[in-house]
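Here the working numbering is used: position 164 in the sequence shown is 166, and no number is missing along the way.
Step one of this worksheet: look at the structure below.
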Amino acid sequence: MADTAARLERQLVTADNLTDRSAALAALVNHPLLPRDAVDTALDGFYERFKAEALVVNLWLQLQASAITSDAQTVAALTQHPAYDARNPNKLRSVVGAFAGSNARNFHNTDGSGYRFLADQVAALDQSNPQIAARLVQPLSRWQRYEATAQAGMKAALEHIMASGPLSRDLHEIVSKSL
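Here it is, written out as structure tokens:
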């Protein structure tokens, strides 16, 4: 494992383009057996180098939210990072959208935490940005395509959104039709 981590860290540091750097970072973040401190060091270094580049920071957030090692609790913590801004649609898509759309393993966790995380984010967001809330809720709207446990969790998340208060027209339409 140390050799793998060293190779990936070397690629991350010596790459002469963002594509190779981000590929190395993605491999580090998605390697479940690498020591967490090596991954955190790589993430911190990448962020420090590119924190002034909004699009690269979005990529950095997306890599973490979609990582196989990132569960709902980890992604919720990511929403507390100074680089995250819930008023910025690109940041929302990079974190919340990436988790729900690209992290199937943890979004569909059998404990339902991924569904609850998305439902809470969507319900909170609906008041300030109903269009993005309606777009982000889409993964829950497909609940009938999944096995019984996932269906129950996704449907419960939709019901939670519906009960969260008056919904915008866009979100209400998607949630009510889904239910």
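Don't be surprised by glycine CBs; every beta carbon is placed ideally from N, CA and C.
As the structure is a computational prediction, the values presented were derived from the model and not from experiment.
Tell me where the alpha helix (DSSP H) around residue i begins and ends.
i	result
K179	R171 to S180
S143	Q140 to S143
R23	L20 to V31
Q146	Segment: none, Q146 is in no alpha helix (DSSP H) and carries neither H nor E.
For residue i, count the other beta carbons within 10 Å of its own beta carbon; 16 or more makes it buried, fewer makes it exposed. Which is it?
i	result
D128	buried
R23	buried
L20	exposed
V15	exposed
S68	buried
Q146	exposed
R95	buried
Rounded to a whole number of angstroms, what is the C-alpha to C-alpha distance between residue i and residue j?
i	j	result
A106	Q153	14 Å
A40	R12	12 Å
R171	L36	46 Å
Q133	A17	38 Å
E149	L181	16 Å
M164	E50	40 Å
F48	K179	42 Å
T112	P91	28 Å
L80	F101	11 Å
N60	D73	18 Å
N131	K93	13 Å
D1	L142	In this structure the chain extends from 3 to 181, so residue 1 is not present and cannot be described.
A26	L65	11 Å
F119	A8	34 Å
Q140	P168	19 Å
Practice task
May I have a chain-ordered list of the beta strand (DSSP E) segments no shorter than 3 residues that lie completely inside the region 43-128?
Solution key: none
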